[in-house]
Amino acid sequence: MTAKYLVRFDDICPGMNWEVWDQVEKLLVSYNIKPILAIVPDNQDPKLNVSAESEDFWARAQSWKDRSWSLAIHGYQHRYETEDSGLIGINAYSEFAGLSYEQQLHKLSKAV
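In terms of this note's numbering, the sequence shown opens at residue 8 and continues consecutively.
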């Protein structure tokens, strides 16, 4: 039986480290790896803004989709608004856990 793996990258956003990402992307393409890219669509987390924002970010996202890479939303703004650990209980903060259904739906609607 051949092993199969999922490769996922979180915190993909316009201000991420593009110098590193460009190298990663070349490797993914050269090995025909089709990752899951979890995008923060309206990043407001200064910790994720480590490079100048890519002005063609959404065009690049489209090119990833065109390569049959999977795109996912990784939150909306990456801002922790509650001290609720949610179902998993790993962190004592969240962007969504503890918010009403309506508040969560509003954020998700804006994210897509």
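Idealized CB from N, CA, C, for every residue including glycine.
Limits of the alpha helix (DSSP H) - the one that residue i falls within
i           : result
residue 67  : 64 to 73
residue 118 : 108 to 118
residue 26  : 25 to 37
Residues bridged to residue i (per DSSP)
i          : result
residue 19 : 46
residue 79 : 45
residue 89 : 101
7 Å Cβ shell around residue i - same chain, five flanking residues per side excluded
i           : result
residue 107 : none
residue 57  : 22, 23 and 24
residue 89  : 100, 101, 104, 105 and 106
Residues near residue i in its chain [Cβ-Cβ closer than 6 Å; skip 5 each side]
i           : result
residue 91  : 101, 104 and 105
residue 114 : 83
Sub-9 Å separation of residue i and residue j beta-carbons
i           : j           : result
residue 47  : residue 55  : yes
residue 83  : residue 118 : yes
residue 81  : residue 29  : no
residue 110 : residue 85  : no
At least 3 beta-carbon pairs within less than 8 Å: the segment 72 to 85 vs the segment 36 to 49: Yes: at least three Cβ pairs fall under 8 Å.
Inter-stretch contact at 8 Å, needing at least 3 Cβ pairs: the segment 92 to 99 / the segment 57 to 64: Between the segment 92 to 99 and the segment 57 to 64, the count of C-beta pairs closer than 8 Å stays below three; the two stretches do not touch.
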